[in-house]
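In our numbering, the protein residues as written are 576 to 699.
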């Protein structure tokens, strides 16, 4: 009798685990920005507009040529800020990809929201 109960319980448990990965609000958000900057000037982007407070930003694709391309935390607000600058004019667009992932917490790995920001820079 116990053998017959284990299999249905396993099936029901799997159903709940698989459905927990389909919670709304945990989809990957893709954003593409096309920006034009002057050589020697700074471009800044407040990353809090694209993620939650618990999201961890990282540069997943770096531009080929740049002077500064980094993520830092604003000392006053605590928000993550991306900064980019290039010292020379370039005819080739420079692309940077920033990924914001929700920090891992207990539970399945699928319950994390992700934002992928692609920034295409034209440097004049």
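Backbone N, C-alpha and C define an ideal beta-carbon position, used for all residues, glycine too.
Owing to the predicted nature of the structure, the values given are computational and were not obtained by experimental measurement.
Here residue 631 is near residue 676, since their CB atoms are less than 7 Å apart. Residue 624 sits in a helix when the DSSP states are folded into three classes. If you draw a straight line from the Cα of residue 642 to the Cα of residue 661, it comes to about 5 Å.
In the structure shown, residue 661 falls within a coil segment according to DSSP collapsed to helix, strand and coil.
Residue burial is scored here from C-beta neighbours: residue 653 has fewer than 16 other C-beta atoms within 10 angstroms and is therefore classed as exposed. At the C-beta level, residue 697 and residue 668 come within 7 Å of one another. Rounded to the nearest angstrom, the gap between the Cα atoms of residue 639 and residue 694 is 13 Å.
Here residue 692 is buried: its Cβ has 16 or more other Cβ atoms, across all protein chains shown, within 10 Å. Its chain contains 691 as the residues whose beta carbon lies nearer than 6 Å to that of residue 605, once the 5 sequence neighbours on both sides are disregarded; these appear in chain order. Considering only 673, 617 and 658, the residue with the shortest C-alpha distance to residue 625 is 673. With 16 or more other CB atoms across the displayed protein chains lying within 10 angstroms of its CB, residue 622 is buried.
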